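Numbering-wise (my numbering), the sequence shown opens with residue 6 and increments by one.
A virtual CB, placed ideally from N, CA and C, is assigned to each residue, including glycine.
Quick caveat, the model's predicted, so the values are computed rather than measured.
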Amino acid sequence: VVYLKPDADGVLNLTRLAEVLDGNTLLVSVMLVNNETGVVQPIQEIARLAHQVGAVMHSDLAQSVGKLDWTVETLGIDLGSLSAHKIHGPKGVGALYVKRGACRIAEQQHGGQHERGMRSGTLPTHQLVGMAEAYRIAAEESGVEIKRINGYRERIEAAIEAIGGIRMNGARGVPHIVNVTIDGVDAERLMAAMPEVAVSTGSACNSATLEPSHVLQSMGLSRQEGLSSLRISVGRMTTDEEIDLLVDTLSHAVSQLRSAA
């Protein structure tokens, strides 16, 4: 298995990718949207390079649904992972898109040969219906949601600029994720100083560790810079009043911690 680090902007270097791909490559897997930085990867170009050597192309699409305009055809992928809870659907259910004829998926559970022999056992119908409905709503409302969330992002970016000494991490990607490094401030202490606001130092998947984000370190940030970095995300349930609270609380807390340093 070959792992590639992104460039400083969080985007995968296509030249480096082409160098490591060869006829022995079976699978290339790259997430479309990074869940910590919001950076969008050039999946179409990555898929083209993968297919040139006969590899199957997989992408994690979980963070992109309702935030970007795409189809599996325009992305050029063979496999695509989806997760319902990322769009306010039920937890514990997801989907895997498989392009017809691209590859053979091995059996996941043995038994009664349900689902064409790939997953035996009774499926959670309520979760599947909930997931389908969540995706339907996301598709219908994506245009309005993207415009609304872009407005929230602009307000957050304006507040960050006004505070000063804060750097955005990664190339601009999806509007709902902002990742910043705050000079002179420990992110854990900052979160403790503003309990009214739900922000994080990384992904929920790694919330149990106090180590800096491996994503940010792979982009070249130092350990200390990683410990001073904060992830802010907004969604369809976010309100104008909550953005007001975030902006005011963040400005006050950063000023307070810098003064105490």
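In DSSP terms, what residue i is bridged to
i      : result
Leu32  : Val61
Gln114 : Arg124
Thr186 : Arg172 and Ser234
Val38  : Val45
Ser88  : Gly99
Ser205 : Arg236
Where residue i sits in the DSSP three-state scheme
i      : result
Arg236 : strand
Ile171 : strand
Leu301 : For residue 301 there is no data in the structure shown, the boundaries of the chain being 6 and 266.
Arg109 : coil
Ser223 : helix
Ala197 : helix
Met242 : coil
Arg141 : helix
Ser69  : coil
Gly178 : coil
Alpha carbon of residue i to alpha carbon of residue j, nearest angstrom
i      : j      : result
Glu150 : Val16  : 25 Å
Asp249 : Asn155 : 15 Å
Leu268 : Val239 : The structure shown does not extend to residue 268, since the chain is modelled only from 6 through 266, so no value can be given for it.
Thr243 : Leu251 : 11 Å
Gly81  : Glu247 : 38 Å
Arg172 : Thr186 : 5 Å
Best match in the options for proximity to residue i [C-alpha to C-alpha]
i      : options                  : result
Ala23  : Glu216, Glu112 and Arg53 : Arg53
Ile165 : Asn39, Val44 and Val259  : Val259
Residue i - containing alpha helix (DSSP H), residue span
i      : result
Glu248 : The amino acid at residue 248 is misidentified as Glu; the sequence shows Ile. Where Ile248 is concerned, the enclosing alpha helix (DSSP H) stretches over Asp245 to Ala265.
Val25  : Leu19 to Val25
Thr76  : Here Thr76 belongs to no alpha helix (DSSP H), and DSSP marks it neither H nor E.
beta-carbon residue i near the ligand HEM non-hydrogen atom, thresh 7 Å
i      : result
Glu159 : Ligands displayed in this structure: none; no statement on the ligand HEM is therefore possible.
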